[in-house]
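Here the numbering used here is used: the first residue of the sequence shown is 100, the next is one more, and so on.
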Amino acid sequence: MNSVSDQKTLYVVVCAAGPASEVGTLISLAQDQGWTVQVMATPAAVSFIDVKALEKQTGRPVRSQHRAPGDPRSPKADAIILAPATFNTINKLANGIADNYVLDVVNEAIGLGVPTVILPFVNTAYANRAPFKASVEKLRGEQALVLIDPEGFTPHDPGSGSNAKNKFPWTLSLKYATKVFK
Ligand SMILES: Cc1cc2nc3c(=O)[nH]c(=O)nc-3n(C[C@H](O)[C@H](O)[C@H](O)COP(=O)(O)O)c2cc1C
Numbered sequence: 100m101n102s103v104s105d106q107k108t109l110y111v112v113v114c115a116a117g118p119a120s121e122v123g124t125l126i127s128l129a130q131d132q133g134w135t136v137q138v139m140a141t142p143a144a145v146s147f148i149d150v151k152a153l154e155k156q157t158g159r160p161v162r163s164q165h166r167a168p169g170d171p172r173s174p175k176a177d178a179i180i181l182a183p184a185t186f187n188t189i190n191k192l193a194n195g196i197a198d199n200y201v202l203d204v205v206n207e208a209i210g211l212g213v214p215t216v217i218l219p220f221v222n223t224a225y226a227n228r229a230p231f232k233a234s235v236e237k238l239r240g241e242q243a244l245v246l247i248d249p250e251g252f253t254p255h256d257p258g259s260g261s262n263a264k265n266k267f268p269w270t271l272s273l274k275y276a277t278k279v280f281k
């Protein structure tokens, strides 16, 4: 049953971390709830995902680069989920760095007030770094929802990412994004 009232566009932004290869799971769940899904990938994430399969699943090109003049624009985002979100992208986003296409898009979207959910996938060594903690607070200060303990993803021990990726809470990110439009 659809949960999103009109056909709304959800940007699913994928970073280069273990669960990226399973992002199709999130897309299916989102489509079941009535979202039109536009996948965006950081340049580093492109080698983690099956671009062709995701384009088939969404009916839309996976975007990782600025478009060429004349290429069609992506539909405007009604909401954005970054999942999995890396240490790198979270820190850059929090500090307004826009050195790739998805960071351009998401930096602007946060400024526009587009509902943005960030579901990190980081180990405890990354998560305990002072710059990362500061980034999470900065993003929360700009109304981005960062789903990390106690509200979301629990960082795993270094070296245990392969096990942790099977427990990645995709549904949690969608629950929050969908709630905005119910
Ligand atoms: C196999 C592999 C697994 C990785 N897993 C993670 C991870 O779980 N979390 C993370 O923050 N970075 C992880 N990294 C490091 C990021 O890929 C790296 O910092 C990259 O620059 C992130 O780019 P992006 O943030 O633009 O996607 C991993 C790298 C590799 C090669």
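Beta carbons: idealized from backbone N, C-alpha and C, even for Gly.
Over the uninterrupted beta strand (DSSP E) stretch that includes residue i, give me the two end residues.
| i | result |
| --- | --- |
| I126 | First-last for I126: V122 to D131, but that is the alpha helix (DSSP H), not the beta strand (DSSP E). |
| V216 | T215 to P219 |
Give me the residue from the options with the minimum Cα distance to residue i.
| i | options | result |
| --- | --- | --- |
| T277 | A129, G123 and V113 | A129 |
| T215 | V279, G258, V122 and T141 | V279 |
| G251 | S127, W269 and E236 | W269 |
| G117 | G260, L271, K274 and S272 | G260 |
| T223 | D248, A208 and V204 | D248 |
| V162 | G169, L202, A140 and K237 | Checking the sequence, you will find Arg at residue 162 rather than Val. Of G169, L202, A140 and K237, the residue nearest in Cα terms is A140. |
| V136 | P142, V145 and G123 | G123 |
| A119 | I196, P183, V103 and V150 | P183 |
| R228 | I189, L218 and Y200 | I189 |
Look up residue i in the DSSP assignment and give the residues it is bridged to.
| i | result |
| --- | --- |
| W134 | K107 |
| H165 | H165 is not bridged to any residue. |
| F252 | I247 |
| L181 | V112 and I217 |
| N222 | H255 |
| A140 | V113 |
Tell me the rounded alpha-carbon separation between residue i and residue j.
| i | j | result |
| --- | --- | --- |
| A115 | F267 | 14 Å |
| N206 | G133 | 25 Å |
| Q242 | N265 | 28 Å |
| A226 | Y275 | 22 Å |
| L202 | D256 | 27 Å |
| P254 | A167 | 38 Å |
| G158 | S272 | 22 Å |
| L125 | P160 | 17 Å |
Which first and last residues belong to the alpha helix (DSSP H) in which residue i is found?
| i | result |
| --- | --- |
| I189 | F186 to A193 |
| K155 | V150 to T157 |
| V235 | A229 to G240 |
Looking at C-beta atoms only, is the number of pairs between the segment 163-176 and the segment 221-235 that lie closer than 8 Å three or more? The segment 221-235 and the segment 163-176 do not touch, with fewer than three beta-carbon pairs separated by less than 8 Å.
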